[in-house]
Each structure stands twice: as structure tokens, then as C-alpha cells.
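In case it helps, mature numbering (1 follows the signal peptide of the UniProt record, and there is no 0) puts the sequence shown at residues -21 to -1, 1 to 174. In this text, a Cβ means the ideal position worked out from N, Cα and C, and glycines have one as well. No experiment lies behind these values; they were computed from the predicted model shown.
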Amino acid sequence: MLNTAAAAFVALSALAPADVAEEPTAAIDVVTVNGSGCPAGDADVKTDGRTFTIGYHTFLARAGGGSSPLDMRKNCQISLRVTVPEGYTYGLARTTYEGYTHLQAGATALNRVNTYLQGSSANATVTHPFTGPFSDDWQTYYRPNSAEIQWSPCGSPRNININAEVRVTLGSADPDRLNFAIVETSRGVVRVKRC
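Shown next as C-alpha cells:
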């Protein structure tokens, strides 16, 4: 039985893409977490090699139920400094946002994520809409294929910037009833490759 398990492990290991398995480690430093949805010092940040996780306390947009017009949109800007061995470059390979949204019929919400390298005009934007009635947890993803990853120029490291927003629009919903969208957590993975 042990030989069967070992053979299965070897077979499964062979399925892992070689370029991912051989990627060197990277060090991520979350330089900035700031915005109307994440005031400075109001988020929990964890990094581990090529991954990062951010937990939010106040990333909440709302409309109706006595909300201020300023409450309908909140954003959070994240800036990542990535350190890799000489001769390598890096890019954002995946981000995941998780939260909860409660919408009455007629209300809408969205989670929009825009990513770009410091000093670059190129960017990628992904928008995930929600339509009321809706009341549930959600996850949204940005996962470009390898050719779409924005790689930092070799020998000229750039911060990776991620600007996320959550927005709630009252639409035809009852203005006396609260509609909201909360972002609870975001996670990301950085890819590393040779120049």
C-alpha cells in the first residue's frame, strides 16, 4: 500500500508545471494599504514568500437606510514591493477578493480591481457586478494567463499597485432600506521568472 501511495505522489508531482515548481522565492513588502475603505493602520497584513493576505475592518459601501452619498463607494489602494534574486523579474499572477453583499430588489453593487506597475500606463481592470435581490458571501478573482501578466522590467524593479473598490447603487430599491457590500479579505500571488 505504501508503494501505491508513493507512486501516486510521484505521478501527481509530475503534473505541476515546471516553471512554477522551479520559481525562486520572493520577498513581498506591503508598502501601502490606504484608502476610504482601508484607512492607514486599519488592515491586517500577512506575507509569506510569494503570497500576501490582507484583512479589512472598514471596507464597506452602502446605500439607502439613511446612508450618506459618500458611503456608496469605498476604495483601497495596495502597493507591493517585491524583492527577487538578480536575473529574475516578477508580476502579479492572481488576486482574490472575498466579502458579503446584501441588496434589495432594484439595487446593484460591484467589486472592481485595477492592477498596474508603478510608473506604467498599462493596467488591467476586472469588474464583478451584483444585482439585487442578493444576500450572500462572494469571491471575485483576477487571474491572467502568463502572457497577460504585467512583468516588472528586468533590472528596474517597480511596485505592484492594486486599487480595489466596492460600490453600491440604490437604483429603484426602497431608499429607507439598507443595501451594502463588504470586502473582508484579499489575497494575492506573485509569479517569478528569469529575465
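- With three or more CB-CB distances shorter than 8 Å, the stretch 73 to 93 counts as touching the stretch 106 to 118.
- Rounded to whole angstroms, the gap between the alpha carbons of V61 and V162 is 24 Å.
- Between the C-alpha atoms of V12 and P123 there is a straight-line separation of about 23 Å.
- The beta strand (DSSP E) runs lying completely inside the stretch 92 to 145 and spanning 3 residues or more are 102 to 110, 113 to 121, given in chain order.
- Spanning the alpha carbons of I57 and G98 requires a straight line of approximately 15 Å.
- Excluding sequence positions up to five before and after H81, its CB lies within less than 7 Å of the CB of S114, N158, F159, all in the same chain and listed in chain order.
- 8 Å or more divides the Cβ of H36 from the Cβ of A19.
- Distance from the Cα of A152 is smallest, within the candidate group Q129, N93, G44, R52, for G44.
- No Cβ-Cβ contact shorter than 8 Å links Y67 with V168.
- Here D23 carries a strand assignment [DSSP, helix/strand/coil].
- For P48, the closest C-alpha among the options N90, V147, C174, R166 is that of V147.
- In this structure, R166 and T4 do not form a Cβ contact; the two beta carbons are roughly 18 Å apart against a cut-off of 8 Å.
- In the displayed model, D50 falls within a helix according to three-state DSSP.
- Between I128 and G70 a beta carbon distance of about 4 Å is seen, short of the 8 Å cut, so the two are scored as contacting.
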